[in-house]
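> One structure follows; several queries about it will come next.
There are 4 protein chains.
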Amino acid sequence: MQMQDYTATREDRFTFGLWTVGWQGVDVFGSAIRPPLDPAEAIHRLSDLGAYGITFHDNDVFPFGADAATKEAHLAPLRKALDATGLTVPMITTNLFSHPVFRDGGFTNNDRDVRRFAVRKALDNVDLAAEMGAKIFVAWGGREGAESGAAKDIRTALDRYAEAFNLLAQYTIDRGYDLRFAIEPKPNEPRGDILLPTIGHALAFINELEHPELVGLNPEVGHEEMASLNYAHGLAQALWHGKLFHADLNGQTGPRYDQDLRFGAGNARGAFWTVDILENGGYDGPRHFDFKPPRTEDMDGVWASAEGCMRNYLILREKSRAFRADPDVQEAMRLARVDELGVPTLADGESLADLRAEPFDPDAAAERGMGFERLDQLALEHLYGVR
Amino acid sequence: MQMQDYTATREDRFTFGLWTVGWQGVDVFGSAIRPPLDPAEAIHRLSDLGAYGITFHDNDVFPFGADAATKEAHLAPLRKALDATGLTVPMITTNLFSHPVFRDGGFTNNDRDVRRFAVRKALDNVDLAAEMGAKIFVAWGGREGAESGAAKDIRTALDRYAEAFNLLAQYTIDRGYDLRFAIEPKPNEPRGDILLPTIGHALAFINELEHPELVGLNPEVGHEEMASLNYAHGLAQALWHGKLFHADLNGQTGPRYDQDLRFGAGNARGAFWTVDILENGGYDGPRHFDFKPPRTEDMDGVWASAEGCMRNYLILREKSRAFRADPDVQEAMRLARVDELGVPTLADGESLADLRAEPFDPDAAAERGMGFERLDQLALEHLYGVR
Amino acid sequence: MQMQDYTATREDRFTFGLWTVGWQGVDVFGSAIRPPLDPAEAIHRLSDLGAYGITFHDNDVFPFGADAATKEAHLAPLRKALDATGLTVPMITTNLFSHPVFRDGGFTNNDRDVRRFAVRKALDNVDLAAEMGAKIFVAWGGREGAESGAAKDIRTALDRYAEAFNLLAQYTIDRGYDLRFAIEPKPNEPRGDILLPTIGHALAFINELEHPELVGLNPEVGHEEMASLNYAHGLAQALWHGKLFHADLNGQTGPRYDQDLRFGAGNARGAFWTVDILENGGYDGPRHFDFKPPRTEDMDGVWASAEGCMRNYLILREKSRAFRADPDVQEAMRLARVDELGVPTLADGESLADLRAEPFDPDAAAERGMGFERLDQLALEHLYGVR
Amino acid sequence: MQMQDYTATREDRFTFGLWTVGWQGVDVFGSAIRPPLDPAEAIHRLSDLGAYGITFHDNDVFPFGADAATKEAHLAPLRKALDATGLTVPMITTNLFSHPVFRDGGFTNNDRDVRRFAVRKALDNVDLAAEMGAKIFVAWGGREGAESGAAKDIRTALDRYAEAFNLLAQYTIDRGYDLRFAIEPKPNEPRGDILLPTIGHALAFINELEHPELVGLNPEVGHEEMASLNYAHGLAQALWHGKLFHADLNGQTGPRYDQDLRFGAGNARGAFWTVDILENGGYDGPRHFDFKPPRTEDMDGVWASAEGCMRNYLILREKSRAFRADPDVQEAMRLARVDELGVPTLADGESLADLRAEPFDPDAAAERGMGFERLDQLALEHLYGVR
């Protein structure tokens with residue numbers, strides 16, 4: 466394998482949430498460990514590292530409850546930094562989970578007043594997203610859920626959830642905004658169980674909306690792995706449905722607290738297949754990192770961690786290409802009959818009666834090995850960089 | 466709480482898979498521990514215990530590869546036992562996972578010959594299901610999946626999976642069968658990752674089929690809990706989509722091997738909410754048990770385990786009714802604003818502009834507690850039987 | 466079952482951490498949701514609810530870095546409240562995880578200066594514990610661990626960990642304090658992997674200390690269940706080693722973020738067996754609750770949640786007694802040969818040669834069922850309150 | 466990185482259980498998929514692949530209940546194959562889990578007759594182990610456990626477990642065998658909860674035995690990862706206690722069924738740190754693979770899988786060496802103060818009073834980042850083979 470320089474460029478289209486490098490380290494067991502990071506500084510530093518754009522929640526930039534003047538006072542230096550660096554804002558999202566008013570969620574809060582407020586806050590941010598030129602509006606309903614069985618009528622909550630997306634979608638249509646929504650599923654944390662816990666549940670939900678064409682998915686590595694699910698498989702199913710609008714890349718080590726490790730850390734083999742499907746599956750959005758630099762790090766460590774996300778993606782992209790181009794891999798795939806899965810089970814023009822009449826010896830067929838171990842070993846050796 | 470006699474009757478509509486009480490105890494680490502159980506005997510014993518019906522895979526009754534005469538030789542005593550007891554067969558399913566030919570699955574096997582055989586085997590069983598009067602045909606694709614990333618192209622596998630359901634659905638339409646299909650999701654085991662791993666993924670998949678109206682879900686307690694998901698929430702979402710065609714009841718203790726404990730064992734609180742949503746959410750199918758009497762048990766233990774499944778359901782049904790009827794619970798629900806979630810967020814005739822103009826003090830609203838702990842404690846005390 | 470009044474009394478010896486009812490709700494995704502709770506008020510309220518005592522970290526009462534006068538200014542009203550109510554302080558613990566200086570832990574921080582500071586902070590608190598009459602000093606090393614492989618040499622970290630406990634133990638001996646240490650294991654969160662992740666690892670570690678007799682365990686329900694381990698089994702093994710010095714009771718739903726639900730919530734069957742082993746296994750310390758009232762609750766909900774912890778313990782204690790006294794249970798236990806496990810495998814005076822000469826028919830013995838399902842169903846019906 | 470030929474040699478000391486390549490693929494959901502593998506053939510094939518030795522359960526070689534002549538009839542060709550190839554048998558183990566008589570385990574079965582039989586069976590196998598020159602006798606108590614709370618008194622079960630190990634240890638002393646025992650922990654499967662569920666629990670247990678010096682650990686990758694534990698950390702703690710007698714290498718993807726993937730598959734980063742601690746932590750036993758070639762594979766796939774185990778170990782060994790030798794890594798370790806953890810917290814001759822008198826500014830110290838992200842990125846790039 467020929468080693469490259471794994472330095473990110475604009476063409477790689479890497480984006481970062483402002484809340485990632487800006488995370489101060491507050492967790493359940495400890496207080497802030499790093500100073501606040503000025504959004505404009507974050508933009509300049511990320512630009513220097515080769516990023517393509519940034520994304521943010523409203524309250525990553527301006528305080529909760531800010532009036533128009535205060536908002537603009539905080540947005541102005543951000544806009545200036547974007548202009549200066551050429552960075553874009555492809556995605557914006559709303560914080561409906563940090564303020565105490567969202568203790569039972571936003572769109573599905575039992576308290577109607579809060580639901581109404583959540584819709585207002587989201588609408589304000591949709592306006593901002595349109596103004597900033599964002600094309601994707603992510604909705605992570607982190608507090609939409611319950612710790613106990615009677616507290617939340619799930620079917621009714623899904624009614625309200627659908628109502629909120631219908632309102633937002635109609636609003637973007639009415640305003641003529643070029644903006645689509647991307648739901649980010651998560652199984653739990655900070656709620657005991659969260660609504661739309663996986664890629665699958667969110668995909669199913671979208672089919673019940675009034676404007677399903679405007680709503681897709683923003684799956685996150687760690688969120689699926691917290692449910693022991695295969696993230697690359699999830700991306701593939703989302704792509705199969707035409708619904709992979711955005712993707713949140715990070716690292717996780719199985720079912721435990723939401724680790725938000727830098728991309729590449731955590732499940733290394735999963736990261737390889739993640740890059741492989743993103744590169745080869747038709748996804749054309751930004752490569753967005755949603756991670757938290759560990760609390761052990763100072764700001765130097767934060768930037769090292771951010772740079773690592775991009776480096777690891779580039780390394781794995783190169784490996785994916787080498788893997789797909791390797792003649793030994795191609796031969797092993799043929800032996801594993803990977804391509805044969807593309808041939809319809811029923812031939813063109815064939816009837817079920819024809820199919821049922823076909824002779825078959827299952828015992829003989831049962832002797833054919835699939836050759837998957839050999840193929841997987843080749844993949845692993847590409848990951849190791851020894852081929 | 467007034468204690469009842471928790472003996473099952475036909476009206477309770479409890480059904481059992483023949484493979485449950487008939488499980489001989491073979492696992493990865495040990496051989497058969499119980500003798501084969503004659504299906505006719507199983508039917509008589511389950512009838513005596515108060516069951517309403519039984520269900521089976523083709524090869525629970527006749528051997529793999531049996532010709533028509535052999536099939537009928539095995540079916541005849543089963544039919545006789547059904548006649549003698551009055552038990553029904555509301556559901557039938559096909560074994561596409563035990564024979565070595567299914568080493569890479571059935572409908573999504575990379576090997577087209579095997580896919581064709583799987584369709585044939587399923588079609589034969591669809592004919593049998595129709596003949597037996599079953600209304601639901603369950604499809605658990607236990608071997609449809611992969612242990613490694615390159616072995617299976619997930620999007621192509623979903624194409625083949627959809628093709629198979631389209632063929633089966635069209636076949637039932639062409640034959641005029643009164644039969645619907647119910648997909649049973651599972652995240653893993655016996656494959657490293659299984660296709661359609663959760664309720665959500667299967668619901669989404671169904672929307673892409675040619676006859677989505679003929680395909681629904683058969684969610685299993687343990688399968689969802691293996692992915693750390695809330696089973697009762699999953700049932701609620703399936704009901705919300707109108708897709709809860711059948712349900713497999715058993716017990717599991719979180720993400721680990723598929724335990725198939727008797728219903729009530731495992732997650733006791735989850736079982737309460739499971740019964741609550743089944744009883745109150747509009748589900749009208751049989752209460753079907755898919756469990757495995759532990760290997761520690763002899764046949765007496767098997768029947769004790771089967772009886773326990775039904776008893777626990779009846780106990781929990783009584784508790785659910787008492788919980789819903791309890792004035793203290795109703796008051797606690799009002800305080801928790803559970804009913805308020807049923808009020809649309811936007812009032813009838815109200816515009817978004819109206820909503821946006823509404824004044825709101827988030828800090829004041831943030832002080833309102835939800836009262837969920839009190840409500841949950843009441844639920845727990847009903848579970849404990851101390852109210 | 467005869468229903469009792471499940472109101473706690475001093476005799477029940479329930480204790481609460483001040484940080485439990487005092488938790489303000491800060492988590493990774495949100496800010497404080499409840500006002501600070503004055504320790505004296507907490508003491509009075511817990512006293513009114515029937516608690517026996519309270520426990521605290523140093524910085525639950527006085528600020529990090531407080532000088533002697535400031536400490537005393539905060540301790541005085543606490544002492545007064547204790548005097549007024551008669552509540553005790555059976556356990557004290559040190560916060561070595563919240564301040565940024567502990568970003569890599571305390572006793573095993575790579576930074577020696579920080580390790581020295583951690584020892585100083587713990588020693589100060591040992592003095593306080595002795596002065597307050599606490600008998601147990603809990604050590605939860607929540608930040609002792611790592612997210613990545615090279616960052617921490619585990620064997621060297623265990624050397625430092627042992628050094629710290631040796632220093633603390635020798636200090637209590639030198640001062641003549643009547644104080645023992647209790648290690649609280651946890652597998653992960655807030656670190657990717659924490660040192661001494663389970664009851665077992667901590668028990669093994671203690672054997673390497675200079676004064677193992679002074680060090681035992683403080684196992685927490687949720688921490689063991691986060692590792693898919695059976696908490697009651699863990700308590701039993703700790704008791705078997707004579708090392709159950711203290712226990713932290715709360716609720717958890719399997720491997721996910723640390724939920725700290727009130728005792729009884731989460732794994733209801735596990736809670737039954739937890740109470741059963743605590744009541745019958747020889748544990749004589751306080752019943753200590755370490756939970757977090759969910760963020761959905763206001764202060765009324767906090768007190769409802771605290772009361773629920775005690776009520777659930779009392780309900781389950783009554784059930785455990787009824788279960789053990791039930792003649793049907795006793796008969797089922799005999800049939801399950803539970804008592805036979807108490808008979809040594811080799812008879813007194815018997816040689817291995819004798820044992821080896823004994824004839825045995827394994828196939829005949831293999832037919833004996835264990836009767837565990839019947840026994841477990843009886844246990845479950847006691848939990849349900851229907852026996 | 467200079468690429469090597471990763472072909473195993475005798476000097477690498479790779480060993481395989483006969484049950485690994487010989488696994489026929491029987492699982493809960495399916496029947497045998499591969500023909501029985503003659504042990505002698507397995508030995509020749511493994512020898513050709515570069516293995517150093519093989520290991521086995523008694524019933525991997527001769528049938529359950531075989532008399533002396535039958536045993537020898539099965540052992541003779543195995544001995545011949547060992548002689549012909551020069552392969553060794555460093556470890557032997559007993560099957561106390563497959564036959565129905567072990568439905569409730571062996572050494573801790575509630576049924577005393579079965580416990581006595583289990584001890585006899587183990588003693589017979591200890592004799593065989595000594596005769597074959599094995600130095601390690603592994604004890605995996607896979608069926609020692611329970612699915613339900615009342616079925617097993619855990620403290621009494623630990624008494625019986627200890628009794629069994631005491632009998633076996635005394636027997637080896639009396640016979641003068643050069644043989645040590647290695648306990649293999651596992652949290653669950655095939656029992657709901659297994660006794661001695663983790664490395665830690667087994668280490669603690671050993672301390673209560675009459676001859677702790679004769680008993681150590683045989684930790685398995687997958688078993689620890691099923692409990693979300695860090696396997697390399699577990700190996701490090703076992704080494705710290707001087708108890709890493711043997712190790713079972715394979716692959717697993719988090720808490721789910723026991724996958725027994727080939728080494729290197731599953732958690733790739735974990736595999737790197739596993740090799741790193743085995744190579745650098747003082748372990749000098751064989752590198753033993755305990756995996757199951759997936760059911761997708763025919764015998765060619767079986768051998769490819771076995772070869773992959775060894776290749777991956779060699780690849781990772783090379784990477785570990787390169788990582789440790791890399792000056793950038795050494796510098797990053799210094800910056801992360803990894804070496805500083807080796808300096809005792811209290812200086813030689815220093816008193817606690819001295820330590821307590823030391824001035825310290827925690828806020829200033831809190832600003833020092835640990836540099837772990839940079840260090841971990843270097844490790845990951847060594848794994849990727851791009852340094």
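First to last, the sequence lines map onto chains A, B, C and D. Read left to right, the first sequence gives residues 466 to 852 (the working numbering). Read left to right, the second sequence gives residues 466 to 852 (the working numbering). Read left to right, the third sequence gives residues 466 to 852 (the working numbering). Read left to right, the fourth sequence gives residues 466 to 852 (the working numbering). No residue lacks a Cβ here, since even glycine has one placed at the ideal position from N, Cα and C. Nothing here was measured: the structure is a model prediction, and the numbers come from that model.
1. Using 9 Å as the limit for Cβ to Cβ distance, is residue 501 of chain C near chain A?
2. What residues from chain D crowd round residue 568 of chain B, counting only those whose CB sits closer than 7 Å?
3. Whose Cβ in chain B lies nearer than 9 Å to the Cβ of residue 555 of chain D?
4. With three or more C-beta pairs closer than 8 Å as the rule, is the stretch 591-599 of chain A touching the stretch 543-560 of chain A?
5. Could you run through the stretch 661-693 of chain C and flag, in chain order, every residue whose CB is less than 8 Å away from some CB of chain A?
6. Taking 9 Å as the CB-CB limit, is residue 467 of chain C close to chain D?
7. So, residue 540 of chain D versus residue 594 of chain D, is the Cβ gap smaller than 9 Å?
8. My output table needs one value for residue 645 of chain C: the three-state DSSP class, helix, strand or coil.
9. Which two residues bound the contiguous alpha helix (DSSP H) that contains residue 666 of chain A?
10. Which value, in whole angstroms, describes the spacing of the CA atoms of residue 647 of chain D and residue 685 of chain D?
11. Under the three-state reduction of DSSP, which class applies to residue 823 of chain B: helix, strand or coil?
12. Can you give the beta carbon distance from residue 754 of chain A to residue 481 of chain A, rounded, assuming they're within the 8 Å contact cut?
13. What are the boundary residues of the alpha helix (DSSP H) that residue 837 of chain D is part of?
14. Where does residue 726 of chain C fall in DSSP's three states?
15. Taking only the alpha-carbon atoms, compute the straight-line gap between residue 466 of chain C and residue 778 of chain B and give it to the nearest angstrom.
16. In angstroms with no decimal places, state the Cα-to-Cα distance between residue 846 of chain D and residue 613 of chain A.
17. Kindly indicate if chain A contains any beta-carbon less than 9 Å away from that of residue 780 of chain D.
18. Considering only their Cβ atoms, is the gap separating residue 750 of chain D from residue 690 of chain D smaller than 9 Å?
19. Expressed to the nearest angstrom, what Euclidean distance is found between the alpha-carbon atoms of residue 669 of chain D and residue 811 of chain D?
20. Whether or not the stretch 497-510 of chain D and the stretch 533-548 of chain D are in contact is what I'm after, with contact meaning three or more pairs of Cβ atoms, one per stretch, closer than 8 Å; do they touch?
21. Name the one or two DSSP bridge partners that residue 556 of chain B has.
22. Three-state secondary structure (DSSP) at residue 694 of chain A?
23. Which same chain residues end up closer than 7 Å to residue 728 of chain A when comparing Cβ atoms and leaving out the 5 residues on each side of it in sequence?
24. From what residue to what residue does the alpha helix (DSSP H) around residue 680 of chain A run?
25. What did DSSP end up calling residue 481 of chain A once you bin it into helix, strand or coil?
26. Can residue 655 of chain A and residue 492 of chain C be called in contact, C-beta distance under 9 Å?
27. Select from A:476, A:484, A:611 the residue whose C-alpha is nearest the C-alpha of residue 551 of chain A.
28. Name the chain B residues that come within less than 9 Å of residue 701 of chain A, Cβ to Cβ?
29. Please report the distance separating the alpha-carbon of residue 661 of chain A from that of residue 651 of chain B.
30. Grouping DSSP H, G and I as helix and E and B as strand, with all else coil, what is residue 466 of chain C?
31. Taking the straight line between their C-alpha atoms, what separation do you get for residue 408 of chain C and residue 795 of chain C?
32. Determine which residues of the stretch 701-724 of chain D have a Cβ less than 9 Å from any Cβ of chain A, and write them out in chain order.
Result, derived from the coordinates:
1. no
2. 498, 760, 761
3. Those do not exist, as residue 555 of chain D stays about 23 Å from chain B at its closest Cβ, beyond 9 Å.
4. yes
5. 691
6. With a pLDDT of only 46 at residue 467 of chain C, under 50, the local geometry of the prediction cannot be trusted, and no value is derived from it.
7. no
8. strand
9. 664-671
10. 11 Å
11. coil
12. 5 Å
13. 837-849
14. strand
15. A caution first: residue 466 of chain C carries a pLDDT of 42, below 50, which makes its placement in the model too unreliable to give a value.
16. 44 Å
17. yes
18. no
19. 28 Å
20. yes
21. B:520, B:601
22. coil
23. 714, 715, 716, 736, 754, 756, 774, 777, 778
24. That residue, residue 680 of chain A, is in no alpha helix (DSSP H); its beta strand (DSSP E) goes 680-682.
25. strand
26. yes
27. A:476
28. 618, 619, 620, 622, 623
29. 17 Å
30. Annotation note: pLDDT 42 at residue 466 of chain C (below 50); position unreliable, coordinate value reported separately. Of the three classes helix, strand and coil, the one that applies to residue 466 of chain C here is coil, per DSSP.
31. No information on residue 408 of chain C is available, as it lies outside the stretch 466 to 852 that chain C covers here.
32. 718, 719, 720, 721
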